[in-house]
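Peer 1:
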Amino acid sequence: MAVAATGVEERLLIGGEWVEASSGNRFDVIDPGTGELVGSVPDAGETDVRAAIDAAAAALEGWKALPALHRARILRRAADLIRERRDMIALVMTSEQGKPLAEAAGEVEYAASFFEWFAGEAERVYGQIVPPMNPANRVLVLRQPVGVTAAITPWNFPAAMMTRKLGPAMAAGCTSIVKPASATPLTAALILRAIEDAGTPPGVVNLITSRSAGMVAQELFSDRRVRKISFTGSTEVGKDLIRASADQVKRLSLELGGHAPYLIFDDADLDEAVDGLIASKFRNAGQTCVCANRTYVQSGVYDAVVAKLAAKVTKMVVGHGIRDDVTIGPLIDGRAVDKADEHVRDAVAKGARLVVGGERLDSGEHAGGSFYTPTVLEGVTPEMLISTEETFGPVAGITRFETEEEAIRVANDTVYGLAAYFHTRDYARLLRVAEKLEYGIVGANSGIISAANAPFGGVKESGYGREGGAVGIDEYVDVKYVLVGGVGT
Ligand code: SIN
Numbered sequence: 128m129a130v131a132a133t134g135v136e137e138r139l140l141i142g143g144e145w146v147e148a149s150s151g152n153r154f155d156v157i158d159p160g161t162g163e164l165v166g167s168v169p170d171a172g173e174t175d176v177r178a179a180i181d182a183a184a185a186a187l188e189g190w191k192a193l194p195a196l197h198r199a200r201i202l203r204r205a206a207d208l209i210r211e212r213r214d215m216i217a218l219v220m221t222s223e224q225g226k227p228l229a230e231a232a233g234e235v236e237y238a239a240s241f242f243e244w245f246a247g248e249a250e251r252v253y254g255q256i257v258p259p260m261n262p263a264n265r266v267l268v269l270r271q272p273v274g275v276t277a278a279i280t281p282w283n284f285p286a287a288m289m290t291r292k293l294g295p296a297m298a299a300g301c302t303s304i305v306k307p308a309s310a311t312p313l314t315a316a317l318i319l320r321a322i323e324d325a326g327t328p329p330g331v332v333n334l335i336t337s338r339s340a341g342m343v344a345q346e347l348f349s350d351r352r353v354r355k356i357s358f359t360g361s362t363e364v365g366k367d368l369i370r371a372s373a374d375q376v377k378r379l380s381l382e383l384g385g386h387a388p389y390l391i392f393d394d395a396d397l398d399e400a401v402d403g404l405i406a407s408k409f410r411n412a413g414q415t416c417v418c419a420n421r422t423y424v425q426s427g428v429y430d431a432v433v434a435k436l437a438a439k440v441t442k443m444v445v446g447h448g449i450r451d452d453v454t455i456g457p458l459i460d461g462r463a464v465d466k467a468d469e470h471v472r473d474a475v476a477k478g479a480r481l482v483v484g485g486e487r488l489d490s491g492e493h494a495g496g497s498f499y500t501p502t503v504l505e506g507v508t509p510e511m512l513i514s515t516e517e518t519f520g521p522v523a524g525i526t527r528f529e530t531e532e533e534a535i536r537v538a539n540d541t542v543y544g545l546a547a548y549f550h551t552r553d554y555a556r557l558l559r560v561a562e563k564l565e566y567g568i569v570g571a572n573s574g575i576i577s578a579a580n581a582p583f584g585g586v587k588e589s590g591y592g593r594e595g596g597a598v599g600i601d602e603y604v605d606v607k608y609v610l611v612g613g614v615g616t
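If you're matching positions, the sequence shown starts at 128 in the working numbering and goes up one per residue.
(1) In chain order, what residues of the same chain lie with their CB nearer than 8 angstroms to the CB of V614, ignoring the 5 residues before and after it?
(2) List the endpoints of the continuous alpha helix (DSSP H) containing E120.
(3) Tell me which same chain residues have a C-beta within less than 6 angstroms of the C-beta of A296, skipping the five on either side of it?
(4) Of the choices L196, G478, P227, whose alpha-carbon is the least far from that of E451?
(5) Cβ-heavy atom distance between E382 and the ligand SIN below 7 angstroms?
(6) Just to confirm, is the Cβ distance from I180 to D350 under 8 angstroms?
(7) With distances taken Cα to Cα, identify the nearest neighbour of A571 among V156, R270, G233, V560.
(8) What separation, rounded to the nearest whole angstrom, lies between the Cα atoms of G326 and R204?
(9) Looking at the ligand SIN, does it come within less than 7 angstroms of N152, judged from the CB to the closest heavy atom?
(10) Determine, using beta carbons only, whether F154 and R338 come nearer to each other than 8 angstroms.
(11) Tell me, please, whether the CB atom of G166 is closer than 8 angstroms to any CB atom in chain B?
(12) Let me confirm a value: L164 is counted as buried when at least 16 other C-beta atoms fall within 10 Å, else exposed. Which label applies?
(13) How about S573: is its Cβ closer than 7 angstroms to a heavy atom in the ligand MG?
(14) Which residue marks the beginning of the beta strand (DSSP E) containing A277, and which one marks its end?
(15) Taking the alpha-carbon of T616 as reference, which of K408, S149, R200, M260 has the nearest alpha-carbon?
(16) How far does the alpha helix (DSSP H) with S497 in it reach, from first residue to last?
(17) Indicate whether I322 and A286 have their beta-carbon atoms separated by less than 8 angstroms.
(18) Please report the distance separating the alpha-carbon of V332 from that of E505.
(19) On the CB-based measure, 16 or more other CB atoms within 10 Å of its CB, does K306 come out buried or exposed?
(20) With hydrogens ignored, establish whether the beta-carbon of C301 is closer than 7 angstroms to any heavy atom of the ligand SIN.
(21) By the DSSP assignment, the beta strand (DSSP E) with Y389 in it spans what residues?
(22) Are the CB atoms of S497 and A463 nearer to each other than 8 angstroms?
(23) With a threshold of 7 angstroms (Cβ to nearest heavy atom), would A287 be considered close to the ligand SIN?
(24) For E144, does the count of other Cβ atoms within 10 angstroms reach 16, so buried, or fall short, so exposed?
(25) Measure the beta-carbon distance from R328 to W190 and round it to whole angstroms, keeping in mind my assumption that it falls under 8 angstroms.
(26) Do Y548 and S85 come within 8 angstroms of each other at the CB atom, strictly closer than that value?
(27) When you compare only the Cα positions, how much space is there between I157 and L196?
(28) Within 10 angstroms of the Cβ of I600, are there 16 or more other Cβ atoms? Answer buried if so, exposed if not.
(29) Taking all protein chains shown into account, do 16 or more other C-beta atoms lie within 10 angstroms of the C-beta of P509, making it buried, or fewer, making it exposed?
(30) Taking buried to mean at least 16 other C-beta atoms within 10 Å of its own C-beta, is R421 buried or exposed?
(31) In chain order, what are the residue ranges of uninterrupted beta strand (DSSP E) at least 3 long that sit wholly in the region 456-497?
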């Protein structure tokens with residue numbers, strides 16, 4: 128059996144140097160599966176953040192002047208290095224984040240794929256020559272890098288959410304400051320080491336680890352040289368960032384909370400639907416913004432779906448992610464367990480039936496960790512917390528519906544709009560439902576929608592901007608129109 132990582136010491140990356148915080152302070156990184164120490168990182172303060180911005184600003188002109196092909200080569204090399212180091216990065220990720228090793232290795236591959244994808248896009252940042260209204264003029268449209276950017280990244284996908292932001296930023300010719308979540312800074316540092324080892328010039332990408340996310344945000348938002356900030360995290364924090372962006376009209380991309388509906392129609396392939404639901408709901412122990420949070424099953428197949436789901440969920444193995452047989456790792460911390468448990472207790476108190484799970488696990492091999500059993504609830508109704516709030520844990524709540532119209536209405540009845548899923552074998556229904564769901568991402572007959580070549584992002588209070596896909600690079604490009612007069616015909 129693998130042994131969780133311990134004694135991992137990382138530093139800040141500023142202007143190509145791996146350094147301590149100027150205060151000398153560090154903070155601990157804890158294994159959510161044991162409560163034990165994995166390692167530590169510097170606790171950066173204002174001076175360090177300013178130094179990182181200085182470094183990114185100093186590197187900008189040289190980086191954007193490089194031919195796109197050159198930046199693309201560096202991104203491809205970084206992708207290769209991330210893949211070569213996959214097992215080591217995955218072990219550190221499992222140790223600080225909790226997800227099972229196989230999932231962590233999958234995330235490392237996913238992270239590398241963003242660099243590969245954007246290496247290709249780097250060479251396709253095309254402008255336009257527009258036919259002029261006045262024949263004596265010429266009209267050019269240029270697409271130029273926005274400048275210094277910052278990436279504030281979450282703990283649930285500590286590698287992939289970072290490369291999803293850095294890939295397009297680097298490809299477009301922007302420089303960056305990365306602030307990873309304080310729970311998972313070690314994975315971030317390993318990804319930055321690969322970027323550096325790939326030959327990225329000093330200052331193009333800088334790493335700031337800090338326990339004070341508010342201070343880092345304050346520094347980034349108040350510095351006019353930082354032209355764009357990309358954030359993945361909660362809707363609550365996203366709204367604060369929108370307010371903070373107003374002073375300097377700073378550009379933002381926000382990938383915020385989700386509350387995904389998962390619809391299973393009577394005509395669905397039930398095995399495929401249940402497998403899709405499991406993949407969506409229980410990936411990363413339910414700690415994804417795109418995971419199913421509300422499951423709606425049509426009356427005719429309701430009992431069969433509940434039974435099939437329960438049979439599979441009962442077989443899931445909860446434990447430390449380094450064990451080969453584990454399918455559900457720990458949640459990120461005790462508060463996450465409290466929230467999952469609160470949603471289950473609230474639903475049961477309001478009349479839902481607990482089919483499987485609903486337990487905290489905190490003794491024996493689970494002692495010291497933050498574990499919660501994968502759970503299935505049925506008979507869930509709209510007034511339950513699980514129907515209105517993102518659970519971010521391994522709890523599937525099932526609700527019965529009768530008609531397609533009703534399913535679409537309940538699915539859209541939320542302030543969120545990140546991802547939605549449905550299963551049907553009726554292709555006319557497939558098109559109708561896909562068009563009517565008010566979401567940025569729709570999985571039709573599939574519970575897994577994430578891919579580097581597709582645009583990822585939400586509508587409504589799930590944020591704005593798109594990451595990945597051909598449009599992902601637009602977030603890091605400014606469009607400039609140049610009118611050249613007096614050219615003649
Ligand atoms: C997320 O949950 O924020 C991202 C999930 C993904 O990219 O698959």
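Glycine is no exception: its CB is placed at the ideal position from the N, C-alpha and C atoms.
Peer 2: Based on what the coordinates show:
(1) Locating residue 614 in the sequence shown gives position 487, counting from the first residue. Excluding positions up to five away in sequence, the list reads A263, N264, R265.
(2) Because residue 120 is not part of the residues shown, which for the chain are 128 to 616, the question remains open.
(3) Locating residue 296 in the sequence shown gives position 169, counting from the first residue. For A296, where only same-chain residues beyond five positions count, the Cβ hits under 6 angstroms are T276, S303, Y603.
(4) Translated into positions along the sequence shown, residue 451 becomes position 324. With the sequence shown as reference, residue 451 is identified as Asp, and Glu is not the correct amino acid for it. Closest option to D451, Cα to Cα, is P227.
(5) For the purposes of this step, residue 382 is taken as residue 255 along the sequence shown, with counting starting at 1. Indeed, a heavy atom of the ligand SIN lies less than 7 angstroms from the Cβ.
(6) Position 53 of the sequence shown, counted from the start, is the residue given in the question as residue 180. Position 223 of the sequence shown, counted from the start, is the residue given in the question as residue 350. Yes, the pair counts as a contact, with Cβ atoms nearer than the cut-off.
(7) Counting from one through the sequence shown, the residue named residue 571 turns up at place 444. Minimum Cα distance to A571 is reached at V560.
(8) By 1-based counting over the sequence shown, the position of residue 326 is 199. By 1-based counting over the sequence shown, the position of residue 204 is 77. Rounded to the nearest angstrom, the two C-alpha atoms are 8 angstroms apart.
(9) Here residue 152 corresponds to residue number 25 of the sequence shown, with the count starting at 1. Because no heavy atom of the ligand SIN lies under 7 angstroms away, the Cβ of N152 does not count as near it: no.
(10) As a working note, residue 154 is residue 27 in the sequence shown. As a working note, residue 338 is residue 211 in the sequence shown. Cβ distance < 8 angstroms, so F154 and R338 count as in contact.
(11) Absent from the structure is chain B; it holds one protein chain and no more.
(12) Sequence index remark: in the sequence shown, residue 164 carries index 37 (1-based). Classification of L164: exposed, given that the 10 Å Cβ count is below 16.
(13) The ligand MG is not part of the structure shown, which contains the ligand SIN as its ligands.
(14) Along the sequence shown, one-based indexing puts residue 277 at 150. 275-279 is the span of the beta strand (DSSP E), which, as asked, contains A277.
(15) Residue 616 sits at position 489 when you count from the first residue of the sequence shown. The shortest Cα separation from T616 among K408, S149, R200, M260 belongs to M260.
(16) One-based indexing of the sequence shown puts residue 497 at position 370. Counting along the chain, S497 falls outside any alpha helix (DSSP H), and DSSP gives it neither H nor E.
(17) The residue given as residue 322 occupies position 195 in the sequence shown. The residue given as residue 286 occupies position 159 in the sequence shown. Their beta carbons are not under 8 angstroms apart, which means I322 does not touch A286 by this criterion.
(18) If you number the sequence shown from 1, residue 332 lands on position 205. If you number the sequence shown from 1, residue 505 lands on position 378. Each residue's alpha carbon lies about 47 angstroms from the other.
(19) Position 179 of the sequence shown, counted from the start, is the residue given in the question as residue 306. By the 10 Å Cβ count, K306 comes out buried.
(20) The residue labelled residue 301 in the question sits at position 174 within the sequence shown. No, the Cβ of C301 stays beyond 7 angstroms of every heavy atom of the ligand SIN.
(21) Here residue 389 is taken as the residue at index 262 of the sequence shown, counted from 1. Y389: member of the beta strand (DSSP E) spanning 387-391, first to last residue.
(22) As a position in the sequence shown, residue 497 is number 370, starting the count at 1. As a position in the sequence shown, residue 463 is number 336, starting the count at 1. Yes, the Cβ-Cβ distance between S497 and A463 is below 8 angstroms.
(23) Locating residue 287 in the sequence shown gives position 160, counting from the first residue. A287: yes, Cβ under 7 angstroms from the ligand SIN.
(24) As a position in the sequence shown, residue 144 is number 17, starting the count at 1. Exposed.
(25) As a working mapping, residue 328 is identified with position 201 in the sequence shown. As a working mapping, residue 190 is identified with position 63 in the sequence shown. Note on identity: in this sequence residue 328 is Pro, with Arg being the wrong assignment. Rounded to whole angstroms, the Cβ separation of P328 and W190 is 6 angstroms, and the two are in contact under 8 angstroms.
(26) Here the chain has residues from 128 to 616 only, and residue 85 is not among them.
(27) As a position in the sequence shown, residue 157 is number 30, starting the count at 1. As a position in the sequence shown, residue 196 is number 69, starting the count at 1. So the two alpha carbons sit approximately 40 angstroms from each other.
(28) Sequence index remark: in the sequence shown, residue 600 carries index 473 (1-based). It counts as buried.
(29) In the sequence shown, residue 509 corresponds to position 382, counting from 1. So P509 counts as exposed.
(30) Position 294 of the sequence shown, counted from the first residue, corresponds to residue 421. Buried, since its Cβ has 16 or more Cβ neighbours within 10 Å.
(31) 480-483
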